[in-house]
Amino acid sequence: MASKSTSSSSKSDPDQITLISEEGDSFKISRAAALRSGTIKSTLQGTFVESETNTVNLQIRSPVLEKVVEYLEWAHKFSGASEGTRVPDFEKQIPPELALELLMTADFLDV
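Those letters in the sequence shown? Residues 1 to 111, by UniProt numbering.
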């Protein structure tokens, strides 16, 4: 489950990224998982202030961003799974009412 909070810290853990939704909710995610998104990777590796603060503000609604964070962590966790490993189906965790918005967000984030 995604770690959600509404507070911000002045100095962040370099192994953690904070994604902030359009409502101002913050979601913590491991750097390795966050870098699975081409958009987030470009932002964090560029000369943007986000690369120093490890915080990325996104115009994405909180329920959608929460699912994105869950997916990125899931994909990172199971990316190196061996052939015999049982990988849980992520699609069953997507509420139908978020499916279209999540698809458009995934395209924007290059996931």
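All C-beta atoms, glycine included, are put in the ideal place defined by N, C-alpha and C. Remember, predicted model here, so these are calculated numbers, not experimental data.
Distance between residue j and residue i (C-alpha atoms, nearest Å)
i: serine 10; j: glycine 84; result: Residue placement at serine 10 cannot be trusted, given a pLDDT of 44 that sits under 50; the coordinates are not used to answer.
i: isoleucine 94; j: threonine 47; result: 34 Å
i: proline 14; j: phenylalanine 27; result: 15 Å
i: valine 104; j: valine 111; result: Checking the sequence shown, residue 104 turns out to be methionine, not valine. So the two alpha carbons sit approximately 10 Å from each other.
i: glutamate 91; j: glutamate 70; result: 11 Å
i: leucine 35; j: threonine 18; result: 12 Å
Check whether residue i and residue j have beta carbons under 9 Å apart
i: serine 21; j: leucine 65; result: yes
i: histidine 76; j: serine 30; result: yes
i: alanine 33; j: leucine 72; result: yes
Residue i - containing beta strand (DSSP E), residue span
i: lysine 16; result: The residue asked about is misnamed: residue 16 is glutamine in this sequence, not lysine. Unbroken beta strand (DSSP E) run through glutamine 16: 16-20.
i: phenylalanine 28; result: Sequence check: residue 28 is lysine here, not phenylalanine. Here the beta strand (DSSP E) through lysine 28 covers 26-30.
i: threonine 55; result: 55-57
Residue closest to residue i, alpha-carbon to alpha-carbon, out of the options
i: aspartate 107; options: Ile60, Lys28, Lys77; result: Ile60
i: serine 62; options: Leu98, Arg31, Val111; result: Leu98
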